[in-house]
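Okay, so here's the structure we're looking at.
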Amino acid sequence: MTVNDYLQIGLFLAVLLLLVKPVGSYMALVFAESPNRVTRFGGHVERGIYRVCGIRADEDMGWKRYALAVLAFNVLGLLAVYLLQRVQQWLPLNPQHFGAVSPDSAMNTAISFVTNTNWQGYSGESTMSYLTQMMGMTVQNFLSAATGLAVLVAVVRGFVRHGTKALGNFWVDLTRGTLYVLLPLSMLIALLLVSQGVVQNLKPYVDVPVLQATSYAQTTQDATGHEVTKNVAVTTQTLPMGPAASQIAIKHLGTNGGGFFSANSAHPYENPTPLSNFIEMLAILLIPGGLCYTFGKMVGDTRQGWAILATMLLIFVPLAIGAVAAEQAGNPALHGLAVDAHASALQSGGNMEGKETRFGIASTGLFVAVTTAASCGAVNAMHDSLTALGGMVPMWLMQLGEVIFGGVGSGLYGMLAFAVVAVFIAGLMVGRTPEYLGKKIEAHEMKMASLAVLLPCALVVIGTAIAVLVPAGASSVANPGAHGFSEILYALTSASNNNGSAFAGLSANTLFWNVLLGACMFLARFPLIIAMLAMAGSLAAKRHVPESAGTLPTHTPLFVVLLACVVIVVGALTFLPALALGPIAEYLMSAH
Amino acid sequence: MSKLLRQSFLLLLVMTVVTGLIYPLAVTGVAQLIFPRQANGSLVVKDGRPVGSALIGQSFTDPKYFWGRPSATTPMADNGMASGGSNLGPSNPALTAAIKQRIDALHNADPGNHAPVPVDLVTASGSGLDPQISPAAAQYQLARVARLRGLPVARVQSLVREYTSGRQLGVLGEPRVNVLELNLALDALR
């Protein structure tokens, strides 16, 4: 690793940590129970929306009602995205005249965007009309993130409130999250991205003449079935256009990750400079990081929030450094060739397959860790071409359950499930009824928390087993040997943790994969939300237990280490055997 | 339940208008006003006509041009309609074979050059449209381009320097050379 590698990681962490408190305090105001300067400022717009939609803002929903509202809203959203893709050929803002998306791909994409996964089974620049990108993709980028925010706030209210069945109002939480948090920040980020060169227009694609004409060989079959090869001259290049920046801003801020273009954030029109790359990384962790502080504010003890953030950093920082180090070390397969892969003042060196020159190793390795620690899944390099160990980092970060920052809202409520499990384990050790944030953790809470922790693990393992056994699954693999298995494991890991990045060599736009991954994405999102809301509902009804000498403090370094251990142990025990067959086997075979 | 569905439907409709129409159109309006060049693709204009984008790489195979990053897009390299990388795994023999082929092509274009090839010049970029190469990859090709164009090395060297950007803010990313702009400038010398 070079000095600059460390500098880039350090600068990123410093800026992120500086923003945690201001962003977190702001969000605490947005979701506060009592009116304040933020909610008064937008009060008119908010009340207008409620009036149009027939919503009573003062309705306090029990957990079941809250969960039903989440489900109804998201299933309708899913249908809207599906329909839009199926009829886009008849709608305006389609300058390239793209036809309807196939039913299985459209359904997969609809589930993927509604569940905040944003698995990208399609190629944006050659499939989706501008209208679909705006009114389908962009909208769900906002609403899936706002759903995560709302559910988190409801879950935290479960700890804060006592003697009630109500967790708040989903419509109000969703509207406030969108209007006060996501929209203004997206607007700012979108314009910053445009300043760096991200496109934002509604124009048709631009054809330009190329400076040097080239040609390629095209093989076709003639009338008699013989293969004919002819040379096709290339004299022009088509530059894709579109309203990209507005979507890319929320794609990162909302930890969505579905790209406007096929190459996602590796595409120069989606991520043109090192600074745009820095902004995009920051946007990914901004809300998940800030929410830790919001959480502390809401429970009336900011130390609780810092402890959660410390746990996340304790796992994140070493893995981020590990990803950069593995990529900087380069690909051992090239050692015998006349290739210079050493870092110097003139080049980043390292493993550059699938990477962009402007990002080199540090800006790529850090992005890899950021996008998979959070459940974003945007990529600024092709993860399939990462080194064996460099590729294991994103895989394992996802397998930890997307709680190391994780998705907007979903990361923190996932982490709270782990915290409940951690205090339970600590309670077992000392033989006391466990408490967290002044609430007794009993059988019902433990069941729901365990469900939330184990469900994604089960989906990954079972899904991978199915895909490996069924020819329709295994035949989609692009790379031979252990790496081929890694492609399958990565796909199921990504879908079942609502991440959305891929080892993209896998041909996943097939009926089998669209259905399998669609099912995983859906099951990893909504049953988990229901389990967490059920836990919160039962917590809200309980009394506050006053702190006593026997209470395990949950803001101390001891608890931070305990929580980190629980997260790591669950992730390691579940996935070590599978990882041994994929990236670890590939590493050992290439090591000599 | 029907009340819940009605509220869901109406709120989805309102939010679709706000985040799916008003927001992207507002960003488009402001972007076109403040950053028209960037918002429209950072086009490079020569004699009033666009000849490419400063952000999108083009394919160069002629030894008198600087070559860019290899591109794995199909059916042709640097296809703007099908961005993406090779997705070849590190241990895939096809990756090593492709890299060997690229090293051979560079050696054929410049038989006297026995220096090891900078890694970015023989590995496919992530987007398949990478507009830039490392300064090391430019130095590797410099003597060849100067010789084939009958230009003094120092002249080409100063052009390379002109189209080299350093790390942004001194820290971020990597130093890099824009290949299309450099080649356009080389052609303009004649």
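So the protein lines, in turn, are chains A and B.
For the first sequence, the residue numbers in this note's numbering are 42 to 633.
For the second sequence, the residue numbers in this note's numbering are 5 to 194.
Beta carbons are placed, not taken as given, at the ideal position from N, Cα and C, and that holds for glycine.
Because the structure is a prediction, the values reported are computed rather than measured.
#1: When the Cα of A484 (chain A) is compared with those of A:P497, A:L496, A:L469, which residue comes out closest?
#2: Let me see if you follow: with CB-CB separation under 8 Å, is A192 (chain B) close to chain A or not?
#3: If I measure Cβ to Cβ from K244 (chain A) and keep anything under 6 Å in the same chain, skipping five residues before and after, which residues do I get?
#4: Ignoring anything shorter than 3 residues, give me the beta strand (DSSP E) runs that lie fully in the segment 317 to 399 of chain A, in order along the chain.
#5: Taking a cut of 7 Å between CB atoms, which residues from the segment 83 to 116 of chain A lie near chain B?
#6: Could you tell me which residues DSSP puts in a beta bridge with N182 (chain B)?
#7: Name the chain A residues whose beta carbon is nearer than 7 Å to that of Y69 (chain B)?
#8: If you run the structure through DSSP and keep just helix, strand and coil, what is M630 (chain A)?
#9: Helix, strand or coil for G209 (chain A)? Go by DSSP, reduced to three states.
#10: Looking at the secondary structure, which residues open and close the beta strand (DSSP E) in which N555 (chain A) lies?
#11: In its own chain, which residues sit with a C-beta less than 8 Å from the C-beta of N117 (chain B), not counting the 5 before and 5 after it?
#12: Can the beta-carbon of G447 (chain A) be found less than 8 Å from the beta-carbon of H585 (chain A)?
#13: Give the interface partners of S167 (chain A) over in chain B, defined as CB-CB distance under 9 Å, in chain order.
#14: Can you tell me where the beta strand (DSSP E) with P250 (chain A) in it begins and where it stops?
#15: Taking the DSSP output, what are the residues bridged to G103 (chain A)?
#16: Do you know how far the Cα of K68 (chain B) is from the Cα of G154 (chain B)?
#17: Thinking C-beta only, is F200 (chain A) closer than 8 Å to M102 (chain A)?
#18: From which residue to which residue does the beta strand (DSSP E) around E268 (chain A) run?
#19: Just checking my contact of L500 (chain A) with S542 (chain A) at CB under 8 Å: how many whole Å lie between their CB atoms?
#20: Using a C-beta to C-beta distance shorter than 7 Å, which residues of chain A count as neighbours of L184 (chain B)?
#21: What three-state label does DSSP hand K481 (chain A) in the structure shown?
#22: Is it right to say Q105 (chain B) is buried, meaning 16 or more other beta carbons lie within 10 angstroms of its own, or is it exposed?
#23: State yes or no: is the C-beta of M68 (chain A) within less than 8 Å of the C-beta of G331 (chain A)?
#24: Does DSSP put S162 (chain B) in a helix, in a strand, or in coil?
#25: My output table needs one value for S57 (chain B): the three-state DSSP class, helix, strand or coil.
#26: Residues of the segment 139 to 171 of chain B with a CB closer than 8 Å to any CB of chain A: list them in chain order, please.
#27: Which word fits E74 (chain A), buried or exposed, when buried means at least 16 other C-beta atoms lie within 10 angstroms of its C-beta?
#28: Which one of B:G177, B:A158, B:M85 has the shortest CA to CA distance from D248 (chain A)?
#29: To the nearest angstrom, report how far apart P135 (chain B) and A274 (chain A) are at their CA atoms.
#30: Can the beta-carbon of S306 (chain A) be found closer than 8 Å to that of N421 (chain A)?
#31: Can you tell me whether DSSP reads V239 (chain A) as helix, strand or coil?
#32: If you follow the beta strand (DSSP E) that V48 (chain B) is part of, which residue opens it and which one closes it?
#33: In chain B, what lies closer than 9 Å to L360 (chain A) by C-beta?
#34: From the DSSP output, in three-state form, read off T592 (chain A) for me.
#35: Check each candidate in A:D99, A:L316, A:V471 and name the one with the smallest Cα separation from G591 (chain A).
#36: At the level of alpha carbons, what is the spacing between V601 (chain A) and A467 (chain A)?
The relevant details are as follows:
#1: A:L469
#2: no
#3: M282
#4: none
#5: I90, V93, C94, G95, I96, L109, A110, A113, F114
#6: B:Q136
#7: Q253
#8: helix
#9: strand
#10: Segment 552 to 582 is the alpha helix (DSSP H) holding N555 (chain A); no beta strand (DSSP E) there.
#11: L110, H111, Y144, A147, R148
#12: no
#13: M85, A86
#14: 247 to 262
#15: A:A207
#16: 10 Å
#17: no
#18: 268 to 280
#19: Going by Cβ atoms, the distance from L500 (chain A) to S542 (chain A) rounds to 17 Å, so no, they are not a contact pair.
#20: L252
#21: strand
#22: exposed
#23: yes
#24: helix
#25: strand
#26: P139, A140, A141, Q143, R171
#27: exposed
#28: B:M85
#29: 21 Å
#30: yes
#31: coil
#32: 47 to 50
#33: Result: empty, since nearest Cβ-Cβ is about 19 Å, beyond 9 Å.
#34: coil
#35: A:V471
#36: 12 Å
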